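Student: Shown below is the structure under consideration.
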Amino acid sequence: MKKIIYAVLILVLLFGLIQLVPFGRNHTNPAVVSEPSWDSSGTRDLAKIACFDCHSNQTIWPWYSNVAPISWLVYQDVVEGRRRMNFSDWSSRPQSTGEISEKINEGEMPPLQYTIIHKNAILDATQKQALIQGLINAIK
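Structure below.
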C-alpha cells in the first residue's frame, strides 16, 4: 500500500513540475494580415469551424492548452498548422490544392485528436466538397 501511495505522490509531483516547463504557453494570436478572397461566407464558416484553430491567427485556446503535457501537443499542432497554411496570412498561401483536397477527402483534416473534442468540426461529405471547392476558388 505504501508503494502505491509513494508512486501516486511521485506522479503528482512530476505532473506539477512539468507545469513549470514554459514550452506550449505562448498563446498569442498574431494580427490577421490578409484572408483569402472567400467565394462565399459558407466556405469561410466551414473553414472557421474545421480549420481556423490550427490554420489561422484566430486560434481559440481551450483551457487544456494550459496544462502540460497536452499544452505541448496543442501548441505544436498550431505552430505546424500555421506554417503549412495560414488563413490569416494568405500572402503565403499554398500554391497547389491537390494536397489540401486529399487531406480533407481522406479524413486527415481536421485530425482525429481535434474532432474528438470538437465534434462540430466533423464535416460530412457535402461539407467537405463545399470546403474543398471554396479553397480551390480562393487559391486560384
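Letter by letter, the sequence shown follows residues 10 to 149 in my numbering. For each residue, glycine too, the CB sits at the ideal point set by N, CA and C. From a predicted model like this one, the values you see are computed outputs, not experimental measurements.
#1: Confirm, please, whether the CB-CB distance from ALA139 to PHE96 is below 8 Å.
#2: List the endpoints of the continuous alpha helix (DSSP H) containing PHE32.
#3: If the criterion is Cβ atoms closer than 8 Å, does the pair LEU144 and THR106 meet it?
#4: Rounded to a whole number of angstroms, what is the C-alpha to C-alpha distance between ASN114 and GLU108?
#5: Roughly how many angstroms lie between the CA atoms of ASP62 and VAL42, to the nearest whole one?
#6: If you draw a straight line from the C-alpha of ASP48 to the C-alpha of LEU22, how long is it?
#7: Let me know the secondary structure DSSP gives ASP133 once reduced to three states.
#8: Just checking my contact of VAL17 with ALA77 at CB under 8 Å: how many whole Å lie between their CB atoms?
Tutor: In short, the structure shows the following:
#1: The count along the sequence shown starts at 1 and reaches residue 96 at position 87. The count along the sequence shown starts at 1 and reaches residue 139 at position 130. The beta carbons of PHE96 and ALA139 sit no closer together than 8 Å.
#2: For the purposes of this step, residue 32 is taken as the residue at position 23 of the sequence shown. Judged by DSSP secondary structure, PHE32 falls outside any alpha helix (DSSP H); it is assigned neither H nor E.
#3: Within the sequence shown, numbered from 1, the residue matching residue 144 stands at position 135. Within the sequence shown, numbered from 1, the residue matching residue 106 stands at position 97. The answer is yes: Cβ separation under 8 Å.
#4: Reading the sequence shown from its first residue, position 105 is the one you call residue 114. Reading the sequence shown from its first residue, position 99 is the one you call residue 108. Straight-line spacing of the CA atoms in ASN114 and GLU108 works out to 10 Å.
#5: Along the sequence shown, read from residue 1 onward, the residue named residue 62 stands at position 53. Along the sequence shown, read from residue 1 onward, the residue named residue 42 stands at position 33. Straight-line Cα distance between these residues: approximately 16 Å.
#6: Position 39 of the sequence shown, counted from the start, is the residue given in the question as residue 48. Position 13 of the sequence shown, counted from the start, is the residue given in the question as residue 22. The alpha-carbon atoms of ASP48 and LEU22 are separated by roughly 52 Å.
#7: Against the sequence shown, residue 133 aligns to sequence position 124. It is coil, neither helix nor strand.
#8: The residue labelled residue 17 in the question sits at position 8 within the sequence shown. The residue labelled residue 77 in the question sits at position 68 within the sequence shown. So it is not a contact: roughly 18 Å between Cβ atoms.
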